[in-house]
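A.B. asks: The listed protein sequences derive, respectively, from chains A and B. Heads up, the first sequence stops at 370 in my numbering, and the numbers go up one at a time, no gaps. Heads up, the second sequence stops at 124 in my numbering, and the numbers go up one at a time, no gaps. From the three backbone atoms N, C-alpha and C, an ideal C-beta is built for every residue, glycine too.
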Amino acid sequence: NAGVTQTPKFQVLKTGQSMTLQCAQDMNHNSMYWYRQDPGMGLRLIYYSASEGTTDKGEVPNGYNVSRLNKREFSLRLESAAPSQTSVYFCASSGGNEQFFGPGTRLTVL
Amino acid sequence: QKEVEQDPGPLSVPEGAIVSLNCTYSNSAFQYFMWYRQYSRKGPELLMYTYSSGNKEDGRFTAQVDKSSKYISLFIRDSQPSDSATYLCLFSGGYNKLIFGAGTRLAVHP
């Protein structure tokens with residue numbers, strides 16, 4: 261089992277560009293999550309999907325959109341990237357209360 | 015007052031020491047308590063998961079929860095250099111109530 265996978269691992273964007281971060285899990289989990297991690301602030305929840313077909317906002321959703329494509333895949337889209345979105349992005353999945361994380365995507369917006 | 019407080023450290027200890035990591039919280043809605051370990055440039059990995067007051071032991075790790083004082087701890091016995099990482103507490107009160115501590119950086123030196 262690969263667990264939770266994320267692509268790409270690294271990305272550099274210019275202000276105003278758009279991109280989609282991909283996440284997939286092979287643990288048959290119902291719930292999936294997107295977090296961002298910034299120095300000194302821990303991980304903050306951007307969006308989550310409690311089950312296939314549903315998505316909801318977390319603590320810091322502004323500037324992002326998500327799509328739960330199917331049970332395995334949950335993508336995060338930045339429509340118009342801003343320097344404030346420079347961060348490390350983590351996807352997670354959960355079959356109960358425990359969360360399992362992917363390796364992260366390091367995004368820099370210039 | 016922040017919902018979750020965690021001392022960022024860094025904490026530096028000699029090999030073999032007992033390490034105590036702590037988080038406090040203010041929201042009584044939190045029902046599940048988790049500890050994650052994060053190595054540099056990696057995703058967080060689940061170490062311990064509890065939901066009741068008291069102690070839970072797993073090898074060299076012990077998680078302690080005191081709901082009356084709103085306080086959780088992670089103890090590491092016989093610490094090893096391989097334990098050098100950032101330790102994050104996670105509090106869960108449901109899908110959209112997931113709050114991480116900022117993380118404590120631990121260094122165990124030989």
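Of all the CB atoms in chain B, is at least one closer than 8 Å to the CB of P363 (chain A)?
C.D. replies: Yes - at least one Cβ of chain B is within 8 Å of the one on P363 (chain A).
A.B. asks: Report the rounded CA-to-CA distance for Q277 (chain A) versus G323 (chain A), giving the unit in angstroms.
C.D. replies: Cα to Cα, Q277 (chain A) sits roughly 12 Å from G323 (chain A).
A.B. asks: If you count every other CB in all the chains shown that lies within 10 Å of the CB of Y46 (chain B), and 16 or more means buried, which is it?
C.D. replies: Y46 (chain B) should be labelled buried.
A.B. asks: Compare the C-beta of P22 (chain B) against all C-beta atoms of chain A and say whether one is closer than 8 Å.
C.D. replies: With 8 Å as the cut-off, P22 (chain B) counts as an interface residue toward chain A.
A.B. asks: H123 (chain B) lies in the beta strand (DSSP E); which residues open and close that run?
C.D. replies: T118 to H123 is the span of the beta strand (DSSP E), which, as asked, contains H123 (chain B).
A.B. asks: Buried or exposed for D97 (chain B), going by 16 or more other Cβ atoms inside 10 Å?
C.D. replies: Per the 10 Å Cβ criterion, buried.
A.B. asks: Could you check where the beta strand (DSSP E) with A352 (chain A) kicks off and where it finishes?
C.D. replies: S347 to S354 is the extent of the beta strand (DSSP E) around A352 (chain A).
A.B. asks: With H, G and I counted as helix, E and B as strand and the rest as coil, what does DSSP make of S93 (chain B)?
C.D. replies: Coil.
A.B. asks: Determine the chain A residues that contact Y85 (chain B) at a beta-carbon separation under 8 Å, and present them in chain order.
C.D. replies: Here the premise fails: no neighbours, minimum Cβ distance about 18 Å.
A.B. asks: Pull out every residue of the stretch 340-357 of chain A whose Cβ sits closer than 7 Å to any Cβ of chain B, in chain order.
C.D. replies: If the cut-off is 7 Å between Cβ atoms, the stretch 340-357 of chain A has F350 and N357 near chain B.
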